[in-house]
Amino acid sequence: MSWRARSLLRRAVNAAIMLGIVATALFPILWGLSTSLKPTERILEYPPLLVPDQPTLAHYRMLWETGIGRPILNSAIVSAATVALCLVLGSLAGYALARFAFRGKQGVMLAIVAVMSIPLPSVLVPTFTFLVNLDLNDSLIGLVLLYTAYQLPITVWILYGYFRTVPEQIEQAAMIDGYGRLAVLRKIVLPLSGPGLVAAGLFVLTFAWNDFVVAVVMSSSESVRTLPVAIYHYLGFFGRDWGPLTAAAMVSIVPVIGVFVVFQRYFLSGMTGGSVKG
Amino acid sequence: MTGVRFSGVSKRFGAVAALDSLDLAIEAGEFVSLLGPSGSGKSTTLNLLAGLIDADAGEIRIGERVVNDLPPDQRDLAMVFQNYALYPHMTVFENVAFPLRARGRSAAEAEIEARVKRVAGMLGVTELLARYPRELSGGQQQRVALGRAMVREPKVFLLDEPLSNLDARLRIRMRRDIKALHEQIRSTIVYVTHDQAEAMTLSTRIAVFDKGRLQQFDAPEAIYNRPANVFVANFVGEREIALLAGRVERDGADARFHGAGYALLLTGAGARLAPAAGRAATIGVRAEAVAVSADGPGAPATVAMTELSGPDRIVYARIAGGPEIACRAEPRSTFASGQDVRLRFDPERLHAFDPGTTLSLIP
Ligand SMILES: Nc1ncnc2c1ncn2[C@@H]1O[C@H](COP(=O)(O)OP(=O)(O)OP(=O)(O)O)[C@@H](O)[C@H]1O
Ligand SMILES: [Mg+2]
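Protein chains in written order, with my numbering: chain A, 1 to 278; chain C, 1 to 363.
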């Protein structure tokens, strides 16, 4: 076989493998999308259709009418607040760890890694009692604080790693140009850390947006229900009513996909090119 | 106008004494080069002055102010880093304007624009104001870095090997530009370099460092003509100085040098080498202190090899019974390897050092 044919073959095999992976990952989602668009009586029809022949938005309308707006809003508030809080606190902590030598730094780093490896369910009950004592259970603020506590270690860790790639001389130049530490962090380090901030932010966002376990344990009133909990309640109320359930699942997936699409260029481009020579 | 003074300043990094009890007083408006080999403590000195690192001991003053405990942003200096350290996410304009926008200084936008434009004009980067640093050549980045430092009209300018990334031609041109800049703005400039030609051409005074210690602080001519010790004599000058160990005896107007297995008559050097007479001494001979000729008076020697070095021809000659030394000859002269020649020593350019302390014996 010539090298040309061999390289073609290799590319074909590669493409086939990747297509397989993509199909496997996407199939359940596409199936859910398809189901959410079928009229109720045709969902369990055999043989199943991947592309519905009579698409309908009835399930989505029904979600709206039974008040899915509130959980969506709750989830959005909780996620946005958690991301903001994690990034602000994580930037400050990560920067301190990346740039200052202080007593006990090794201990702090070790603690961060250790905390990251505690499985969440094991602290659920003590956290609940703690939250009740603070009178923060069954509230969005309580959820935001908890999510921040869970996600802060990984945020600090990601940002710490990223900040260390910012050349220190750029910061020194800014200090000599008349800027204090906080101003340097705001005007130099953070703008150069776009990819790090996006990566950490998406990490936190996906957790906060998707979390079910913590939310279902910590909140009981309908007014503070987040989207994943609300979806679970659709399952509860309507038995095996797949239409509204898959429609709700689609509603919860779309914003995350949107955010990833918007920020994907940050994963690809480093931003420190051309700053220092040598 | 602001001077700078180091008094007994030391800095250690772990076991390394990066700087050992430095005393250095720089007058207002001076252009001082810190010269020394790699690792001699030049950058450490500059970073201490800028406040990027803290001194272990001693006092640093800028003007009348003791600055040991002031953070860099309050020391009112400007610095050009070895690798420029431009802000990659800002355009050239924003880079140069950045120091003007610092808190407590903020000028009006119109004024900022005027000043940035003026500096850009001076440095010839007006065309580049809208570009990002990654879109500039090394020489252009370097000028932008200079511009960022100049725009604030600082009292004290710090430059850490700003030319080391440029090619030889551009380096010489920028050298001239920096000198012109100093003449124009008359700020105090502290300039780090390990290139002695750079230090010689630019400075009013040179501070020579070795292993964290200041070796000599003097005008360029004095550093060259009256090196304080063997290190300085060896470090400045185009090539290594020949060091001959032996004894010096005065013989009226002349001096005689007795090395291991050879002797030299140093015509006319009696007075200059008098302080070294009658004792063990190391004689330092630069190539330009030795004239080589095919015949006539002088010490007999044999040519080992020759090389053309810029405008000069350098002849390496072995003194009969002694070591090989480099001599400078006319570029058009021709000497063949193995040829017998005569060496004559210029008495005013001979140096004598104490073999123990390595300090110069000639005041
Ligand atoms: N941050 C640091 N940590 C540990 N050692 C350091 C540090 N900075 C400098 N040193 C050491 O201190 C000594 C002096 O360093 P310095 O940077 O002042 O040298 P230099 O004269 O500027 O050399 P070069 O011409 O290579 O830049 C060196 O031995 C160096 O290894
Ligand atoms: Mg250095």
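Glycine is no exception: its CB is placed at the ideal position from the N, C-alpha and C atoms.
8 Å Cβ shell around residue i - same chain, five flanking residues per side excluded
| i | result |
| --- | --- |
| residue 272 of chain A | Bear in mind that a pLDDT of 42 at residue 272 of chain A, under 50, signals an unreliable position, so the number given afterwards is only what the model happens to contain. Excluding residues within five positions, the ones whose Cβ falls inside 8 Å are 165, 166, 167, 192. |
| residue 157 of chain A | 94, 112, 113, 116 |
| residue 121 of chain A | 213 |
| residue 270 of chain A | Because residue 270 of chain A carries a pLDDT of 42, less than 50, the predicted location of this residue cannot be relied on, and the following value inherits that uncertainty. For residue 270 of chain A, where only same-chain residues beyond five positions count, the Cβ hits under 8 Å are 195. |
| residue 87 of chain C | 94, 95, 98, 133 |
Contact with chain C by residue i, beta-carbon distance below 7 Å
| i | result |
| --- | --- |
| residue 179 of chain A | yes |
| residue 176 of chain A | yes |
| residue 39 of chain A | no |
| residue 192 of chain A | yes |
| residue 7 of chain A | no |
Chain A within 7 Å of residue i, Cβ atoms only
| i | result |
| --- | --- |
| residue 174 of chain C | no |
| residue 99 of chain C | yes |
| residue 50 of chain C | yes |
| residue 367 of chain C | As shown, chain C starts at 1 and ends at 363. That puts residue 367 of chain C outside it, with no answer to give. |
| residue 258 of chain C | no |
| residue 194 of chain C | no |
| residue 235 of chain C | no |
| residue 81 of chain C | yes |
Bridge partner(s) assigned by DSSP for residue i
| i | result |
| --- | --- |
| residue 209 of chain C | C:214 |
| residue 159 of chain C | C:80, C:191 |
| residue 33 of chain C | C:191, C:206 |
| residue 351 of chain C | C:284 |
| residue 11 of chain C | C:19 |
| residue 215 of chain A | DSSP lists no partner for residue 215 of chain A. |
| residue 6 of chain A | For residue 6 of chain A, which the question treats as bridged, DSSP gives no partner whatsoever. |
| residue 6 of chain C | C:24, C:60 |
| residue 343 of chain C | C:292, C:299 |
Cross-chain neighbours of residue i in chain A, by beta carbon under 9 Å
| i | result |
| --- | --- |
| residue 71 of chain C | 175, 180, 181 |
| residue 77 of chain C | 176 |
Sequence-distant residues of the same chain with beta carbon closer than 7 Å to residue i, five excluded per side
| i | result |
| --- | --- |
| residue 277 of chain A | Reliability fails at residue 277 of chain A, whose pLDDT of 39 lies under 50, so the model's placement of it is uncertain and the value that follows must be treated cautiously. Cβ within range, chain order: n/a, list empty. |
| residue 361 of chain C | 275, 276, 281, 352, 353, 354 |
| residue 275 of chain A | In this predicted model, residue 275 of chain A has a pLDDT of only 42, less than 50, meaning its place in the structure is not dependable; the value taken from the coordinates is given anyway. 167, 170, listed in sequence order. |
| residue 175 of chain C | 163, 198, 201, 202 |
| residue 84 of chain C | 141, 142, 145 |
| residue 152 of chain A | 86, 89, 90 |
| residue 20 of chain C | 10, 212, 213 |
| residue 179 of chain A | 187 |
| residue 241 of chain C | 233, 234, 284, 285, 286 |
| residue 105 of chain A | 97 |
| residue 127 of chain A | 146 |
| residue 144 of chain A | 78, 81, 82, 85 |
Within chain C, partners of residue i - CB distance below 7 Å
| i | result |
| --- | --- |
| residue 141 of chain A | By Cβ distance, chain C contributes nothing, its closest Cβ being about 34 Å from residue 141 of chain A, past 7 Å. |
| residue 188 of chain A | 87 |
Where residue i meets chain A, residues with beta-carbon distance less than 7 Å
| i | result |
| --- | --- |
| residue 102 of chain C | 177, 178, 179 |
| residue 105 of chain C | 178 |
Per-residue contacts from residue i into chain A (C-beta, under 8 Å)
| i | result |
| --- | --- |
| residue 171 of chain C | Ordered by position in chain A, no residue passes the 8 Å Cβ test against residue 171 of chain C, which lies about 14 Å from the chain. |
Close-in-space but distant-in-sequence residues of the same chain around residue i (CB under 6 Å, 5 per side omitted)
| i | result |
| --- | --- |
| residue 3 of chain C | 26, 27, 28 |
| residue 41 of chain C | 18, 19, 209, 212 |
| residue 216 of chain A | 229 |
| residue 46 of chain A | none |
Considering only residues of the segment 58-136 of chain C, which uninterrupted beta strand (DSSP E) runs meet the minimum length of 3 residues and lie entirely inside it, listed in chain order? As far as the segment 58-136 of chain C is concerned, its whole beta strand (DSSP E) runs of at least 3 residues are 77-80.
For this session: With a floor of 4 residues, list each alpha helix (DSSP H) that falls wholly inside the segment 88-140 of chain A, ordered by position along the chain.
Result: You should have 105-116, 124-133.
Of all the beta strand (DSSP E) runs that stay within the bounds of the segment 219-264 of chain C, which reach a length of 3 or more residues?
Qualifying beta strand (DSSP E) stretches, in chain order: 242-251, 254-259.
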